[in-house]
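Accompanying notes for the structure given below.
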Amino acid sequence: MALAACGMQGNTSYPLDPDDLNRCLLMLEQVPEVRQQFDKIAALSEVWGRLIERWGEIEAMFLEEAGLNWSKQLRAPDTYRLIQEVIGKDPNVIQLGPGVQMRFQ
0 MALAACGMQG
10 NTSYPLDPDD
20 LNRCLLMLEQ
30 VPEVRQQFDK
40 IAALSEVWGR
50 LIERWGEIEA
60 MFLEEAGLNW
70 SKQLRAPDTY
80 RLIQEVIGKD
90 PNVIQLGPGV
100 QMRFQ
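The sequence shown begins at 0 in numbering that gives the first Met the number 0 and counts up one residue at a time.
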């Protein structure tokens with residue numbers, strides 16, 4: 000997310016789980032101007048496009064369920080399910096086990 004917002008090409012990594020999402024939200028809290036670059040981020044890939052399209056919903060669910068930086072609780076299963084639903088099937092991601100994935104670029 001940070002690389003795309005700065006106009007840097009290359010890495011198109013996106014949040015796969017609530018931990019990744021929390022790191023994105025912490026960055027957005029510190030650098031809110033990144034939200035103005037969501038169109039650039041959405042253009043990175045089909046998956047990013049779907050995530051940005053539903054970012055408000057994903058963010059709200061996580062903040063309600065776990066709180067920013069896990070301030071409410073240390074689990075966010077509903078957010079995880081929503082992220083996985085939005086991501087859908089990515090041919091660059093291999094499921095290694097329950098909740099364990101590896102992405103290849």
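C-beta atoms are modelled at their ideal positions from N, C-alpha and C, and glycine is treated no differently. Source: prediction; values computed, not measured.
Quick check on DSSP: helix, strand or coil for Q36?
DSSP places Q36 in helix when its eight states are reduced to three.
Counting only runs that start and end within the region 65-104, where is the beta strand (DSSP E) found for 3 or more residues in a row?
The region 65-104 is shown to contain whole beta strand (DSSP E) runs of 3 or more residues at 92-96 and 99-102, in chain order.
Boundaries (first-last residue) of the alpha helix (DSSP H) holding Q8
That residue, Q8, is in no alpha helix (DSSP H); it is neither H nor E in DSSP.
Whole-angstrom distance between F37 and E63, CA atom to CA atom
Take the alpha-carbon of E63 and the one of F37: they are about 22 Å apart.
Rounded to a whole number of angstroms, what is the C-alpha to C-alpha distance between G87 and V46?
About 8 Å.
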